[in-house]
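Contents: one structure, followed by commentary.
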Amino acid sequence: MSALETEVLIVGAGVLGAATARELSRYKVDVTVVEKNVDVGWGITKANVGVVCQGRDTLEFRPEYHRTRLLWRALPLMEPLCRELDVPFKRVGAYLMIRDQVLKEKLDKLARRTESLGLGSDRYYPYPELKEREPFISPEIKGGLHDPEIAVVHPVYLTQALMENAVANGVRLMLETEVEGIEAGHTEFRVRTSRGEIRARYVINAAGEWVDRIAAMVNADDFVLFPIKGYVGVLDRNCAELAGSLLAVLPEEPGDMNIVVPTVEGNLLFGIQLQINRRHDRSTTDRMARKALENARRIIPEISEKDIINSFCGYLMFRNFEIGWHECEVAMSARVPRFINMTIGYPGVSASPGAALEVVEILEKDGLKLVPNPRFNPYRKDIPDFSMLSEKERKALIKKDPRYGHIVCRCETVTEGEIVEAIRRGATTLDGVKFRVRPGTGRCQGGFCGPRVARILARELGIPLTEVTKAGGASRQVPLRTKQLLEEGGGDG
Amino acid sequence: MASRVDVAVIGAGPAGLAAAVAARERGAERVVIIERAEQLGGLLPQCIHNGFGLLYFKRDMTGPEYEKAFIDMARSRGVEAMLEAMVIDLDAERGITAVSRRHGYMKIKPGSVVLAMGCRERARGALGIPGTRPAGVMTAGTCQRFVNIEGYMPGSRYVILGSGDIGMIMARRLTLEGAKVEAVVEIMPWPGGLIRNEVQCLHDFGIPLLLEHTVTFIHGEERVEGVTVAKVDAERRPVPGSDRFLPCDCLLLSAGLIPENELSCRAGVEIDPVTGGPVVDQNRQTSVPGVFAGGNVVQVHDLVDWVSWEAEAAGRSAAAYADKGRLKRADGVRVLPGKNIRYVVPQFISGKDDVTLHMRVTRPGLKATVKVGGVMWKRYRTVRPSEMVILEVKGQALREAGVKGELAVDCEIRGGD
Amino acid sequence: MSPRETVICIGCPLGCRVTAVTDRKGTVTALKGAECKQGQKHVLEELRNPVRTLTATVRTGDESFPLLPVRTSRPVLKVMLRPIMRETAKVKVKPPVKAGDIVIANVLKTGADLVATADWPAPGEGV
Chain A
1186 MSALETEVLI
1196 VGAGVLGAAT
1206 ARELSRYKVD
1216 VTVVEKNVDV
1226 GWGITKANVG
1236 VVCQGRDTLE
1246 FRPEYHRTRL
1256 LWRALPLMEP
1266 LCRELDVPFK
1276 RVGAYLMIRD
1286 QVLKEKLDKL
1296 ARRTESLGLG
1306 SDRYYPYPEL
1316 KEREPFISPE
1326 IKGGLHDPEI
1336 AVVHPVYLTQ
1346 ALMENAVANG
1356 VRLMLETEVE
1366 GIEAGHTEFR
1376 VRTSRGEIRA
1386 RYVINAAGEW
1396 VDRIAAMVNA
1406 DDFVLFPIKG
1416 YVGVLDRNCA
1426 ELAGSLLAVL
1436 PEEPGDMNIV
1446 VPTVEGNLLF
1456 GIQLQINRRH
1466 DRSTTDRMAR
1476 KALENARRII
1486 PEISEKDIIN
1496 SFCGYLMFRN
1506 FEIGWHECEV
1516 AMSARVPRFI
1526 NMTIGYPGVS
1536 ASPGAALEVV
1546 EILEKDGLKL
1556 VPNPRFNPYR
1566 KDIPDFSMLS
1576 EKERKALIKK
1586 DPRYGHIVCR
1596 CETVTEGEIV
1606 EAIRRGATTL
1616 DGVKFRVRPG
1626 TGRCQGGFCG
1636 PRVARILARE
1646 LGIPLTEVTK
1656 AGGASRQVPL
1666 RTKQLLEEGG
1676 GDG
Chain B
14 MASRVDVAVI
24 GAGPAGLAAA
34 VAARERGAER
44 VVIIERAEQL
54 GGLLPQCIHN
64 GFGLLYFKRD
74 MTGPEYEKAF
84 IDMARSRGVE
94 AMLEAMVIDL
104 DAERGITAVS
114 RRHGYMKIKP
124 GSVVLAMGCR
134 ERARGALGIP
144 GTRPAGVMTA
154 GTCQRFVNIE
164 GYMPGSRYVI
174 LGSGDIGMIM
184 ARRLTLEGAK
194 VEAVVEIMPW
204 PGGLIRNEVQ
214 CLHDFGIPLL
224 LEHTVTFIHG
234 EERVEGVTVA
244 KVDAERRPVP
254 GSDRFLPCDC
264 LLLSAGLIPE
274 NELSCRAGVE
284 IDPVTGGPVV
294 DQNRQTSVPG
304 VFAGGNVVQV
314 HDLVDWVSWE
324 AEAAGRSAAA
334 YADKGRLKRA
344 DGVRVLPGKN
354 IRYVVPQFIS
364 GKDDVTLHMR
374 VTRPGLKATV
384 KVGGVMWKRY
394 RTVRPSEMVI
404 LEVKGQALRE
414 AGVKGELAVD
424 CEIRGGD
Chain C
95 MSPRETVICI
105 GCPLGCRVTA
115 VTDRKGTVTA
125 LKGAECKQGQ
135 KHVLEELRNP
145 VRTLTATVRT
155 GDESFPLLPV
165 RTSRPVLKVM
175 LRPIMRETAK
185 VKVKPPVKAG
195 DIVIANVLKT
205 GADLVATADW
215 PAPGEGV
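Here the protein sequences come in this chain order: A, B and C. If you're matching positions, the first sequence starts at 1186 in our numbering and goes up one per residue. If you're matching positions, the second sequence starts at 14 in our numbering and goes up one per residue. If you're matching positions, the third sequence starts at 95 in our numbering and goes up one per residue.
Next up, the structure:
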């Protein structure tokens, strides 16, 4: 098999890889993205609360940090980007709150810094006024500093949209393609993958959780990653009224990250219970779940265990910089020319549009010719969301395609039309459909629609139901036919 | 819709079918069932086991047989049905918005509405089971649909969390189909389902029932590889050091049913926080005039026969409402759950007419006495939370006792189980 | 049969735990724990001759309705449940089938027929 040749190879289709691919698709550059998972945005991008922050919520984001500059650069880009890609962006605002009046000083300092940097003027609301704006907050809260700019996005939707748009503009995406080894030559890299060799002039390492392993393949790992696991709980939509903004408590102990935050879809998330952990282990634990709930109830006492419909764990990746934990890097490796590491970790979603721009600049500086792609189209239309449409729009949609009149998921009001469209756009698994159009994310968690979504997947992909997976690999949902075990001699026990 | 609908029934399970038949029998001209699934019957077609109809038909029937009996009745009474039609909104004036592939976007304003949406199973998220998120975790009911209707099996080695009836029935079903069921794990000190199911589904096949145990961790990256189970203490918290690993490729959940009331809430129907269903009066009228409810949407029953019975009451009342444009509330007396009683349905009674009270006790016991205020009492040799207590109260007794305002129902329990 | 065996009576919701004491020949000599006569009868029957109604499915070969639900026309000996299950994997029914139709007559000579419990094809949509 002859090797695939490409100018720029991006390793990883998380939010950083996708943003970079999309930014590069503005130019006539041959770009290939390889992703080991069966879908895009399933690494650290997926288990994320989706907050778009400015880096003005903590003093640790010092102006001289690369990360801070990256965030400032990225921020004005995020809303227009979401508009171009037709993905939800909700400016919810945030209250950075204190429970101890002594900490008010810290908030004042933050507010002064924000003002002096020309980022805006954040106002402090003492408890009685704060309660008028967020009626469910605990009386334990003394007050909060309001940052009106904070927004939320859905990190996976954003990644899918970026990648879809990049592919529409000519980028090559290879899923289930794991990088196994990289050899650095004088003019190109020879990259061994599970789907054959790829030769590339540039390699952009956007492997997220595994960025150090990929870097180590060419000796470009002049850093160490510290993974910190974070637990997040998801509340039913009927709790939406409990918080209209991101409610965060100013850390009282190092490592505290206590927040309640609305999602673009109207659920509330709470967490983030942190724990140093070995990587890849995404399991939730009872201890983390209890702590997170306890902490959330200290923000909003009405949050109840019975309203938790889901929970997940993700990772914040920190890098060992001498100058501080809150630093990151988007740079060409000092040891390996034409190899670019993107080690952002947290907050990668917020920084992604800025980081993508930086990569393009690095490539240009290194001599990559950036001729504008005349066919570049920045716009992408989202899958219609039946549940959000007006009566008139719904009628028109059903008339055009009756499958939009067939509601498969009752809890989230998801139609067959949306599911079929999600599959057309690249969903090949149950989670792939779920992370595009949400069936099974509501109260019943797929109890009713699970078998029906599986059937639609099998039909659209032309595969037997036994081959439909939850998330690729061995995760087949129903691997056996009824009676198969009897025929194989089971049931004698 | 072409012409006026007298009674619209939401849901075509046993409750919806019974309500529709009863509404027609009570004289409602046009009765339409709106059902989200592809066929009538709700969950009955997948409940291929027997044990249905012993009270209603005095016969031991399977789910499909019970379903067929009601569908035949519905057909002969001229009930109409719209399938694959989802009601997406119900307003306080009985306005229904529904969509379907065939009928498109529909607005219906019936004379009255019967809520018959049934209930759903508690999912993993709601149970908060720690661990990884592999394939092979599903509710017992979803598994039942796959195995009995779709013809697929999610695995060959199972652990079942929760000893609800569906879980125990699936334990037997899967065993008979050649799979291995390692254990049924129940957090409470008593089984969640009927005794007959414990005997015929678990004991018959030597399937261990681990009482006062729970699943504390799910293992496996892509597929379930096993679960950790542990003993629990009196607070139902895992006892440290009691945990052990059970290998399996599937974890089924059968740990509670929740009435499906999102539509009820949209209409502004008052919900009883204990039952999770609408607060209803003796006629099964909810707090919204002209909106009635029956079956598992009101309270989770353990026998389908009682679902049919309750839904018939709702259907008859709905027909009466559609006819006159009103139905006086039978809410003279509020029934309150007292000692050892978790809930009583209906929550309101007239205080003058005969009424059947459905209730659940909070704990099992022997030699129990259920007392309905000063009106009457009845002895039971045994009571269990998993078995509904049903008590007929005569209108005459209520009238003679001069019951007004509130009526407390208590259960005196003498012995433990 | 072991000299002492405990059976949970399912004659009524009471669910008595009844212990049967047997002699060497296997004859029940005493029953302890049954609250009623009916229960004693049930337990004796359960010890001597435990029978169950089997419900299962058989294949149709039609992907839109792959399985037809079936039951035994009367209770069969408990030990026959698994052998009959293996029989259900061997047959394939042909339409049309009406509820009550015999799928396997006198299955494994138990005296019970395996009968359909649903119609296939189902009567037209709606009612």
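From the three backbone atoms N, C-alpha and C, an ideal C-beta is built for every residue, glycine too. Everything numeric in this text was worked out from a predicted model, so none of it was measured.
No Cβ of chain B is located within less than 8 Å of the beta carbon of G127 of chain C. Chain-ordered listing is empty here: chain B has no CB closer than 7 Å to the CB of N1222 of chain A, the nearest sitting near 12 Å.
With a cutoff of 8 Å on beta-carbon distance, A1198 of chain A and M1348 of chain A are scored as near each other.
For G55 of chain B, the closest of B:L96, B:M86 and B:G40 by C-alpha to C-alpha distance is B:L96. At a C-beta separation below 8 Å, A216 of chain C has these neighbours in chain B: Q52. By the CB criterion at 8 Å, V185 of chain C and I178 of chain C fall outside the cutoff.
Within the segment 92-105 of chain B, E97, M99 and I101 place their CB atoms closer than 7 Å to a CB of chain A, listed in sequence order. Taking 8 Å as the CB threshold, Y118 of chain B lines the interface with chain A. Cβ-Cβ distances below 6 Å link Y1564 of chain A to E1269 in the same chain, with the five nearest sequence neighbours on each side left out; the list follows chain order. Spanning the alpha carbons of R1595 of chain A and Y1589 of chain A requires a straight line of approximately 13 Å. As computed with DSSP, S1518 of chain A is found in no beta bridge at all.
Shown here, N1350 of chain A sits in a helix according to DSSP, grouped into three states.
Nearest Cα to F159 of chain B within the set B:P58, B:I208, B:E419 and B:E275: B:P58. In this model, D1293 of chain A and L1262 of chain A are separated by some 28 Å (Cα to Cα). For W322 of chain B, the secondary structure class from DSSP, reduced to helix, strand or coil, is helix.
Taking 8 Å as the cut-off, the Cβ atoms of V1417 of chain A and V1338 of chain A do not count as close. Rounded to whole angstroms, the gap between the alpha carbons of G127 of chain C and L207 of chain B is 20 Å. Ranking B:M130, B:E225 and B:E93 by CA distance to the CA of V198 of chain B puts B:E225 first. A direct Cα-Cα distance of roughly 25 Å separates D104 of chain B from L1420 of chain A. In the structure shown, V313 of chain B adopts coil according to DSSP, grouped into three states. Annotated three-state conformation of N1526 of chain A is strand, per DSSP. Setting aside the 5 residues that flank it on each side, T188 of chain B is surrounded in the same chain by V194 and F218, each with a C-beta closer than 6 Å to its C-beta; the list follows chain order. In the three-state DSSP reduction, H62 of chain B falls in the coil class, being neither helix nor strand. Beyond the five residues adjoining it in sequence on each side, V310 of chain B comes within less than 8 Å, by CB distance, of G24, A28, L128, A129, M130, G131, C132, P272, E273, N274, S277, G290 and P291 in the same chain, given in chain order.
For I1604 of chain A, the uninterrupted alpha helix (DSSP H) run begins and ends at E1601 to R1609, by DSSP. Excluding sequence positions up to five before and after A1296 of chain A, its CB lies within less than 7 Å of the CB of D1307, Y1309 and L1330, all in the same chain and listed in chain order.
In terms of Cβ geometry, E134 of chain B and G1631 of chain A do not form a close pair [threshold 8 Å]. Note on geometry: alpha-carbon atoms of K1566 of chain A and G1617 of chain A lie some 18 Å from one another. Contact between G408 of chain B and D367 of chain B holds, with the beta-carbon distance rounding to 5 Å and staying under 8 Å.
At a cut-off of 8 Å between beta-carbon atoms, E1645 of chain A makes no contact with chain C. Under the three-state reduction of DSSP, M201 of chain B is assigned to coil, being neither helix nor strand.
Annotation: the continuous alpha helix (DSSP H) that includes P1313 of chain A extends over Y1312 to R1318.
In the DSSP assignment, V112 of chain C forms a beta bridge with C:V101. K1414 of chain A is outside the set of residues whose beta carbon lies under 8 Å from a beta carbon in chain B.
Looking at the DSSP output, W390 of chain B shares a beta bridge with B:K384.
Of the candidates C:A183, C:K188, C:W214 and C:R168, C:R168 places its Cα closest to the Cα of G205 of chain C.
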